[in-house]
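Counted the way my numbering counts, the sequence shown spans residues 5 to 310.
C-beta atoms are modelled at their ideal positions from N, C-alpha and C, and glycine is treated no differently.
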Amino acid sequence: MSTKHNISKNTSRKEYNLTTEQRDIYRKISQESFWLKKRASLGLLSRVHSVNTPQLEPNNLMPQLKYNNLTTLSLFSGGGGLDLGFDKAGYTHQGAYEIIPICGETLKNNRPNWTIHSGPEKGDVTQIKWIDKIGSIDVIHGGPPCQPFSIAGQQEGQNDERNMWSEFIRAVNIIKPKSFVAENVLGLLNPKFRGFVQEQILDKLPDYHILMFELNAADFGVPQIRRRVFFVGFRTLADFKHFKIPQPTHISSELVEKTLFCNNDLFENTVPKTMGVRKALGLFDIGYDTLAPTLRSAFTGKRNKY
Numbered sequence: 005m006s007t008k009h010n011i012s013k014n015t016s017r018k019e020y021n022l023t024t025e026q027r028d029i030y031r032k033i034s035q036e037s038f039w040l041k042k043r044a045s046l047g048l049l050s051r052v053h054s055v056n057t058p059q060l061e062p063n064n065l066m067p068q069l070k071y072n073n074l075t076t077l078s079l080f081s082g083g084g085g086l087d088l089g090f091d092k093a094g095y096t097h098q099g100a101y102e103i104i105p106i107c108g109e110t111l112k113n114n115r116p117n118w119t120i121h122s123g124p125e126k127g128d129v130t131q132i133k134w135i136d137k138i139g140s141i142d143v144i145h146g147g148p149p150c151q152p153f154s155i156a157g158q159q160e161g162q163n164d165e166r167n168m169w170s171e172f173i174r175a176v177n178i179i180k181p182k183s184f185v186a187e188n189v190l191g192l193l194n195p196k197f198r199g200f201v202q203e204q205i206l207d208k209l210p211d212y213h214i215l216m217f218e219l220n221a222a223d224f225g226v227p228q229i230r231r232r233v234f235f236v237g238f239r240t241l242a243d244f245k246h247f248k249i250p251q252p253t254h255i256s257s258e259l260v261e262k263t264l265f266c267n268n269d270l271f272e273n274t275v276p277k278t279m280g281v282r283k284a285l286g287l288f289d290i291g292y293d294t295l296a297p298t299l300r301s302a303f304t305g306k307r308n309k310y
């Protein structure tokens, strides 16, 4: 007879009722993973396959554009996806703020000449006054933590301590850039958050004309189905009217299924297809025999403050 165990952590709001067998399975997987990583770090594991040759050249998806004399400030930078994108588009990076140290280190390694404020002491945006940035920033961009709105979490929204939309908005309202770009998970479009979006985001930025739209990375040649909602705001009506929502540059299976184009045959013949992830990374087909075990990040509770 199975025994039930309540598994919970101080950082988690949800309890998981596991049987003894389930608990042992999770523990075994965790221990095996730990020792494999340990052996790999010591160079004790031989290669399973020969070194793979990636087939995708990211620079072909977005070549470096000429610098346009516009400056950017990055909030909630993570590993720097938006930062690198704006850099490719010709913007001058003026600084990034990220509270998680390892994320900041990743960005520093990729762009050692940039100004990166990372860790609890330097990267916590709740402690920054922003007064010194007034007049020097043209665009603020960032992705406030998505956990409060993600369908993979509890979707507590405004009541979740990790909700940092108010801090992003505070920075925009103080610095007053010409425009801003914010991205988040599609869960934010859930009807339960309609009031939050209107009252806590749109209404809190009265000086900006704002567009809200969805984009899928796969429609732009990225070998990953990653759909996100974007908020793009402009201080002037002229800039707002001039802006055009990006249109797909590649065709993906999802794009065809949505029948966004009247003649898909013509579209397929004139627009490149998005490469699959295994081909993009140069991975061999490993096949499968059964479902792989999945450890959800939410199972272990919150790992970071934000």
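On a CA-only basis, which of Ile255, Pro62, Asn72, Trp134 is nearest asparagine 220? Give me that one, please. As a working mapping, residue 220 is identified with position 216 in the sequence shown. Asparagine 220 has its Cα closest to that of Ile255, out of Ile255, Pro62, Asn72, Trp134.
Go ahead and pull the three-state DSSP assignment for glutamate 61. Taking the sequence shown and counting its residues from 1, the one referred to as residue 61 is at position 57. It is coil, neither helix nor strand.
Mind checking whether isoleucine 120 and glycine 108 have CB atoms under 9 Å apart? For the purposes of this step, residue 120 is identified with residue 116 of the sequence shown, where counting begins at 1. For the purposes of this step, residue 108 is identified with residue 104 of the sequence shown, where counting begins at 1. Taking 9 Å as the Cβ cut-off, isoleucine 120 and glycine 108 qualify as a contacting pair.
If you count every other CB in all the chains shown that lies within 10 Å of the CB of glycine 94, and 16 or more means buried, which is it? Position 90 of the sequence shown holds residue 94. Classification of glycine 94: exposed, given that the 10 Å Cβ count is below 16.
Supposed close pair phenylalanine 200, isoleucine 249 - CB separation, criterion 8 Å: The sequence position of residue 200 within the sequence shown is 196, counting from 1. The sequence position of residue 249 within the sequence shown is 245, counting from 1. With 8 Å as the limit, phenylalanine 200 and isoleucine 249 do not qualify as a contact, their Cβ atoms being about 23 Å apart.
If I follow the unbroken alpha helix (DSSP H) through threonine 76, where does it start and stop? In the sequence shown, the residue the question calls residue 76 occupies position 72. From DSSP, threonine 76 is part of no alpha helix (DSSP H) but of the beta strand (DSSP E) over 75-79.
When you compare only the Cα positions, how much space is there between glycine 3 and proline 58? Nothing about residue 3 can be read from this structure; the chain reaches only from 5 to 310.
Any Cβ of chain D within less than 9 Å of the Cβ of serine 140? Of the protein chains in the structure, only one exists, and it is not chain D.
Kindly indicate which three-state DSSP category tyrosine 30 falls into: helix, strand or coil? Numbered from 1 along the sequence shown, position 26 holds the residue referred to as residue 30. Three-state result, tyrosine 30: helix.
For valine 275, which of helix, strand or coil comes out of DSSP? On the sequence shown, position 271 is the one that residue 275 refers to. Looking at valine 275 - three-state DSSP - the assignment turns out to be coil, as it is neither helix nor strand.
Beta-bridge partners of phenylalanine 90, as assigned by DSSP: Taking the first residue of the sequence shown as position 1, residue 90 is located at position 86. Bridge partners of phenylalanine 90: none, in fact.
When the distance is taken between beta carbons, is proline 149 closer than 9 Å to phenylalanine 80? Reading the sequence shown from its first residue, position 76 is the one you call residue 80. Reading the sequence shown from its first residue, position 145 is the one you call residue 149. Taking 9 Å as the Cβ cut-off, phenylalanine 80 and proline 149 qualify as a contacting pair.
Nearest to glutamate 187 by alpha carbon, out of Ile214, Leu65, Lys196, Asp128? Here residue 187 corresponds to residue number 183 of the sequence shown, with the count starting at 1. Considering only alpha carbons, the answer is Ile214.
Assuming the contact rule is C-beta atoms closer than 8 Å, threonine 110 and glycine 83 should be a hit. Round their C-beta distance to whole Å, please. Locating residue 110 in the sequence shown gives position 106, counting from the first residue. Locating residue 83 in the sequence shown gives position 79, counting from the first residue. Right, their Cβ atoms sit about 5 Å apart.
If you follow the alpha helix (DSSP H) that serine 2 is in, where does it begin and where does it stop? Past the edges of the chain, shown from 5 to 310, lies residue 2, and the structure says nothing about it.
Which residues in the same chain as arginine 230 place their Cβ atom closer than 6 Å to its Cβ, once the five residues preceding and following it in sequence are excluded? Within the sequence shown, numbered from 1, the residue matching residue 230 stands at position 226. Ala221.
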